[in-house]
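2 protein chains.
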Amino acid sequence: MVAVASNLRPEAIRARCRDAQFCAKTSGLAAGYVQCNVVILPSDVASYFQTFCQRNPKPCPLLAMSPQPGDPSLPDLGNDIDIRTDVPRYRIWRDGKLSAQTEDIADLWQSDWTAFALGCSFSFEEALLDAGIEIRNITEDVNVPMYRTNMPCAGSGPFQGNMVVSMRPLPAADAIRAIQICSRFPSVHGAPVHLGDPRQIGIDDIASPDFGDPVSIRPHDIPVFWACGVTPQVALEAARLPLAITHEPGHMLVTDLKNAELAIL
Amino acid sequence: MVAVASNLRPEAIRARCRDAQFCAKTSGLAAGYVQCNVVILPSDVASYFQTFCQRNPKPCPLLAMSPQPGDPSLPDLGNDIDIRTDVPRYRIWRDGKLSAQTEDIADLWQSDWTAFALGCSFSFEEALLDAGIEIRNITEDVNVPMYRTNMPCAGSGPFQGNMVVSMRPLPAADAIRAIQICSRFPSVHGAPVHLGDPRQIGIDDIASPDFGDPVSIRPHDIPVFWACGVTPQVALEAARLPLAITHEPGHMLVTDLKNAELAIL
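Here you go:
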């Protein structure tokens, strides 16, 4: 793992990914710029996945996709993006199982592949921090806790499954403010999908997240739940595709899009 | 009490108030039009009250006031309004105590009096109902439950006191949606001020409201609390003014302003 300066601009971070100088987590890098979840699929399932995103915009907010199959650029997110090299670290999935982690997929890339870039919670976390709201996973310097729920996604072809949510404990006044702020950003998960009792959405033990790390919940906190970008990864696993690529969690595609550009109001 | 047809337009309702044909509650009347809380004060305290509203816009959203002391019109809310006669029923307060209820204050009106018209929860309740959200006090056909809290208002001269809140129990998804919808309407109390544990804001027994009626709270409901227009009435009582006038709760000034006009986005 090689770190980079936090004030590097997105294109400089991508250049360092491209020549293998950088392969670490992107949290806190390129402040103000949108970072993306990435899913790369062969053509026989890509249109099903596109529809899965369209039908489930809160967990799967599709920001951009390959202009055409086999084209590794993502011009909507940056002029120079090459999705085969510009993500710090990739996961290779075979038959629905994690098969390898790598810093480059140039050798694997096929002429019928489509890349999907999905909005990520880093964008709304920045907006919440800017508003003076404390975000527990950032305060405690851990990954946000994430949970499988009983809330079904709308299915599309092989892509099925329940929504995964991330949880941030907030005092009531901050929870209300967070709903207002996140409502401005529908393309990065938008407003929370639930708050209060975790059991109502099928979470039995809030102290034991299915992904990420537990965080402290203080006496006056309300657990607030957002649709999470791990949802498509879970749907991908369930689809048991012969081959699929995603980013390694936390190792996001850093784009030239500004978070502020995503605000709808 | 004389009822009127629910499809009467605001000016027709006011005309019937004016000639004493109507003196009942206005809930459900003139759908789509703004109804107001009313406070009428002599000049020595009026500017303090104006500042109290300015400093506490959530409980005291000032929509309009007399163009000048002694002028009984409210041209911002309707061309023909005469605040001395156009409210269905008034309360007369002497030394901070309810002294009388009446349908007309023309004989009491003084040349230095100022009338204040404040936004009312009927406006946001309409927006919530339009969005398909069930409002318990409407379903159960009772007055909304209201509670004294431990949240202090910013004081102004003789006007001091804690905020009064109204409570509507909502399932989590509706609570989130209600926060979004009410955020569009800051001039009628705006977004909720609290949700979840009532004790955090000094409410010991949710089943025993200080004003209005209790409502059912179902297993998946979260209590959601809005700043309430009874707050200024409580501040008025505490001020122990020799003389003050308000509307009788539920008997609102019906205006020509449309609720939709109040939406800020």
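Protein chains in written order, with my numbering: chain A, 1 to 265; chain B, 1001 to 1265.
Backbone N, C-alpha and C define an ideal beta-carbon position, used for all residues, glycine too.
### Query
Do residue 1127/B and residue 180/A have their CB atoms nearer than 8 Å?
no
### Query
With a CB to CB cut of under 6 Å and the five nearest residues on each side skipped, what residues in its chain are close to residue 46/A?
114
### Query
With residue 1041/B and residue 1178/B assumed to form a contact (beta carbons below 8 Å), what rounded beta-carbon distance in angstroms separates them?
So it is not a contact: roughly 33 Å between Cβ atoms.
#### Entry: residue 225/A, enclosing beta strand (DSSP E) - first and last residue
221-227
### Message
Less than 8 Å between C-beta atoms, sequence neighbours within five positions excluded: which residues of the same chain meet that for residue 1061/B?
### Response
1053, 1118, 1119, 1186, 1187, 1188, 1189, 1190
### Query
Distance, Cα to Cα, residue 224/A vs residue 1013/B?
45 Å
### Message
Using the three-state DSSP reduction, which class does residue 1187/B fall into: helix, strand or coil?
### Response
helix
### Task
Could you run through the stretch 1164-1196 of chain B and flag, in chain order, every residue whose CB is less than 9 Å away from some CB of chain A?
1171, 1172, 1173, 1175, 1176, 1177, 1179, 1180, 1183, 1191, 1192, 1193, 1194, 1195, 1196
### Query
Listed from N- to C-terminal order along the chain, which residues in the stretch 1222-1240 of chain B have their beta-carbon within a distance smaller than 7 Å of any beta-carbon of chain A?
1222
### Query
Which whole-angstrom value is the C-beta distance of residue 173/A and residue 1194/B, which I expect to be below 8 Å?
7 Å
### Task
Tell me where the alpha helix (DSSP H) around residue 1139/B begins and ends.
1136-1139
### Query
Using a C-beta to C-beta distance shorter than 9 Å, which residues of chain A count as neighbours of residue 1128/B?
Going along chain A, no residue has its Cβ under 9 Å from residue 1128/B, so there is no contact; the nearest lies around 15 Å.
#### Entry: Under the three-state DSSP convention, the category residue 1216/B falls into
coil
#### Entry: Inter-residue spacing [alpha-carbon to alpha-carbon] between residue 135/A and residue 214/A
13 Å
### Task
Could you say which of 1160/B, 1098/B, 1102/B, 1168/B lies nearest to residue 1129/B if we only look at CA atoms?
1168/B
### Message
Using DSSP's beta-bridge definition, name the partner residues of residue 254/A.
### Response
35/A
### Task
Evaluate residue 1139/B with the Cβ neighbour count: other Cβ atoms within 10 Å of its Cβ, from every protein chain shown; 16 or more gives buried, anything less gives exposed.
exposed
### Task
Going by DSSP, name the residue or residues bridged to residue 156/A.
159/A
### Task
Please list the partners that residue 220/A has in chain B, where partner means a Cβ-to-Cβ separation under 8 Å.
1197, 1200
### Query
Are the CB atoms of residue 1056/B and residue 1154/B nearer to each other than 8 Å?
yes
### Task
Could you have a look at residue 27/A and say whether DSSP puts it in helix, strand or coil?
coil
### Query
If we cut at 8 Å on Cβ distances, does residue 1265/B have a partner in chain A?
yes
### Query
Going by DSSP, what residues sit across from residue 171/A in a beta bridge?
221/A
### Message
Looking at the secondary structure, which residues open and close the alpha helix (DSSP H) in which residue 1239/B lies?
### Response
1230-1239
### Message
For residue 1005/B, tell me which candidate among 1081/B, 1030/B, 1017/B has the shortest Cα-Cα distance.
### Response
1030/B
### Extent of the continuous alpha helix (DSSP H) to which residue 21/A belongs
Taken as a continuous stretch (DSSP letters only), residue 21/A belongs to no alpha helix (DSSP H), as it is neither H nor E.
### Query
What residue ranges within the stretch 1092-1155 of chain B form continuous beta strand (DSSP E) runs of no fewer than 3 residues, ordered along the chain?
1097-1102, 1114-1118, 1146-1152
#### Entry: residue 1051/B: first and last residue of the uninterrupted alpha helix (DSSP H) it sits in
1043-1055
### Task
Name the residue from 1131/B, 1208/B, 1076/B, 1074/B whose alpha carbon lies nearest to the alpha carbon of residue 1182/B.
1131/B
### Supposed contact pair residue 1159/B and residue 1235/B - C-beta distance, whole angstroms, cut 8 Å
4 Å
### Task
Check whether the Cβ atoms of residue 164/A and residue 184/A lie closer than 8 Å to each other.
no
#### Entry: Nearest-angstrom Cα separation, counted from residue 1010/B out to residue 1017/B
11 Å
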